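Visitor: One structure is given below, represented as structure tokens, and several questions about it will come after.
There are 2 protein chains.
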Amino acid sequence: MSQTLAKPVADLIAALSRLPGIGPKTASRLTFFILREGGDLAQTLADALQALRSGTVQCEHCFNIAEVSPCPICADAGRDHRTICVVEEPLDVLAVERTGAFRGVYHVLHGALSPINGVYPEKLRIAELVDRVKATQPSEIILATNPSLEGENTAAYVHQLLLTAGVRVTRLARGLPVGGDLEYTDEVTLSRALEGRRAM
Amino acid sequence: MSQTLAKPVADLIAALSRLPGIGPKTASRLTFFILREGGDLAQTLADALQALRSGTVQCEHCFNIAEVSPCPICADAGRDHRTICVVEEPLDVLAVERTGAFRGVYHVLHGALSPINGVYPEKLRIAELVDRVKATQPSEIILATNPSLEGENTAAYVHQLLLTAGVRVTRLARGLPVGGDLEYTDEVTLSRALEGRRAM
């Protein structure tokens, strides 16, 4: 193997294999694609990777990934700073922003509780959220963690911590996804949709 | 979107999306994984990408990707330089090397003929193979292109060109894959296995 695979090729395959969902086969395929591409792809990727860490910070208020702190959302006086939407990841901020239905601010936990995977409360931005709530006295905290086991546990844990803070804590509605099909909806989702039914 | 996604993050997502099989969703997931990783992953990847082009060459004889030219295989006097195994890609060299059953040398075409995708003979190292055969008078050319439509066409094309060179041209055997199941073998493979049956 080592005799026939040039070291730079083997090194890139090894580095790409460290990414989630990319095994040695895919890493080889990507490496030879980049080699064959010829153009600027390798350099573009290398530059983007180097800029990633040097060019980004976590916002001091919401811990979203941004170029400056405070981030554009926290710095926007036109947004409702009394409503904080708590999400697991920066990509969740994007998802909520895309709806155009939220004009408040965010708090990114950077994960969900998962003791089995070593993710304890102190690994997440939970203490910072509690401090922020105490310091800024918002009117509502929307817990928008994922509707998964870890997300639910995280929401329940954060809710407990905020009980004494005198703030309204809400959770995103569970129910049928728009465009979904009743027949193919799992029982848990359907029973949540029944529980949460609304007058028309 | 652009307001909530830091430019370095968006840039890396865009660059990763140019890789085959990686869409915007996977690119986002990889980007945030790299961000969260914290360690040296971004730098390791950036360094490996930069070394990839500066640290590799195509071997002047076999056109395999190597650190030096001639590559270690072509430079190895212990190998049989009169048997040339013609493959589509550098990874195919690895696959044949792993068998340990081949002690000859290689010729990497860097693709297979596919006129519909703009891959004509002049895009591949076919002329170089013909020149090499004329210059070095090998005893056997093994056409080890893939058993796909493109691979078969490429083998047939190369075979035509070598007809007048007075060299023995062979093709890898087609038949049942080891560990395969007769019941699930496609008709074409099974008929090839019948055609190529051998006395026990």
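Chains U and Z, in that order, are what the protein sequence lines are. Here the working numbering is used: position 171 in the first sequence is 171, and no number is missing along the way. Here the working numbering is used: position 71 in the second sequence is 71, and no number is missing along the way. We put the CB at the ideal spot given by N, CA and C, even for glycine. Predicted model only: the values in this text are computed from it and were never measured.
How would you label Q137 of chain U, buried or exposed, when you count the other beta carbons within 10 angstroms and need 16 or more for buried?
Guide: Exposed: under 16 other Cβ atoms inside 10 Å.
Visitor: Taking 8 Å as the CB-CB cut-off, is L162 of chain Z touching chain U?
Guide: No, L162 of chain Z lies away from the interface with chain U (no Cβ there is under 8 Å from its Cβ).
Visitor: Terminal residues of the continuous alpha helix (DSSP H) containing D201 of chain Z?
Guide: Nothing can be reported for residue 201 of chain Z: it is not among the residues displayed for chain Z, which extend from 1 to 200.
Visitor: Say whether chain Z places a C-beta atom closer than 8 Å to the C-beta of T154 of chain U.
Guide: No - not a single Cβ of chain Z is within 8 Å of the one on T154 of chain U.
Visitor: Could you work out which residues of chain U lie near P90 of chain Z, taking near to mean beta carbons separated by less than 7 Å?
Guide: Within chain U, the residues near P90 of chain Z are F32.
Visitor: Looking at chain U, is there any beta carbon in it that lies within less than 8 Å of the beta carbon of G55 of chain Z?
Guide: So yes, G55 of chain Z belongs to the interface.
Visitor: Ignore the nearest five residues each way along the sequence and tell me which others in L35 of chain Z's own chain have a CB closer than 6 Å to its CB.
Guide: Excluding sequence neighbours, L35 of chain Z sits near nothing in its chain.
Visitor: Smallest Cα separation from V167 of chain U: which of U:N64, U:P24, U:L94 and U:R132?
Guide: Among U:N64, U:P24, U:L94 and U:R132, the Cα nearest to that of V167 of chain U is on U:R132.
Visitor: For Q160 of chain U, count neighbouring C-beta atoms within 10 Å of its own C-beta (all shown protein chains included) and say buried if the count is 16 or more, exposed if not.
Guide: Exposed is the call here.
Visitor: Nearest-angstrom Cα distance between L12 of chain U and L176 of chain Z?
Guide: Whole-angstrom Cα-Cα distance: 34 Å.
Visitor: Do you know whose CA, among U:L182, U:S114 and U:F102, lies nearest G151 of chain U's CA?
Guide: The shortest Cα separation from G151 of chain U among U:L182, U:S114 and U:F102 belongs to U:S114.
Visitor: Which residues, in order along the region 40 to 66 of chain U, keep a beta-carbon less than 9 Å from a beta-carbon of chain Z?
Guide: Cβ contacts with chain Z come from L41, A42, Q43, T44, L45, A46, D47, A48, L49, Q50, A51, L52, R53, S54, G55, T56, V57, N64, I65 and A66.
Visitor: Hey, would you say the C-beta of F102 of chain Z is under 7 Å away from at least one heavy atom of the ligand COA?
Guide: This structure lacks the ligand COA; in fact it carries no ligand of any kind.
Visitor: Is the CB-CB distance between V158 of chain Z and V108 of chain Z below 8 Å?
Guide: Not in contact: V158 of chain Z and V108 of chain Z (Cβ atoms no closer than 8 Å).
Visitor: DSSP on R18 of chain U, reduced to helix/strand/coil?
Guide: The answer is coil: DSSP assigns R18 of chain U none of H, G, I, E or B.
Visitor: Can you find the residues in the same chain that come closer than 7 Å, C-beta to C-beta, to R198 of chain U, ignoring five residues on each side of it along the sequence?
Guide: Excluding sequence neighbours, R198 of chain U sits near nothing in its chain.
Visitor: I want to verify the contact list: residues of chain Z whose CB lies under 8 Å from the CB of S114 of chain U, in sequence order.
Guide: Per Cβ cutoff of 8 Å: no residues; S114 of chain U is ~14 Å from chain Z at best.
Visitor: Quick check: what's the CA-CA separation for V130 of chain U versus L149 of chain U?
Guide: About 22 Å.
Visitor: A193 of chain U and N146 of chain U - do their beta-carbons sit closer together than 8 Å?
Guide: No.
Visitor: Please confirm whether A155 of chain U and D92 of chain U have their CB atoms less than 8 Å apart.
Guide: In this structure, D92 of chain U does not lie closer than 8 Å to A155 of chain U by Cβ.
Visitor: Which one or two residues does DSSP pair with R171 of chain Z in a beta bridge?
Guide: DSSP, once it has assigned bridges, lists Z:L143 as partnering R171 of chain Z.
Visitor: Starting from the C-beta of T31 of chain U, find all residues in its chain whose C-beta is less than 7 Å away, skip the five residues before and the five after it, and write them out in chain order.
Guide: Excluding residues within five positions, the ones whose Cβ falls inside 7 Å are V9, L12, I13 and L16.
Visitor: Mapping the DSSP letters down to three states, classify Y157 of chain U as helix, strand or coil.
Guide: Three-state result, Y157 of chain U: helix.
Visitor: Suppose the cutoff is 6 Å on Cβ atoms and the five residues either side in sequence are ignored; what does the same chain contact list for S2 of chain U look like?
Guide: Note that S2 of chain U scores a pLDDT of 44, beneath 50, so its modelled location is shaky and nothing firm can be said.
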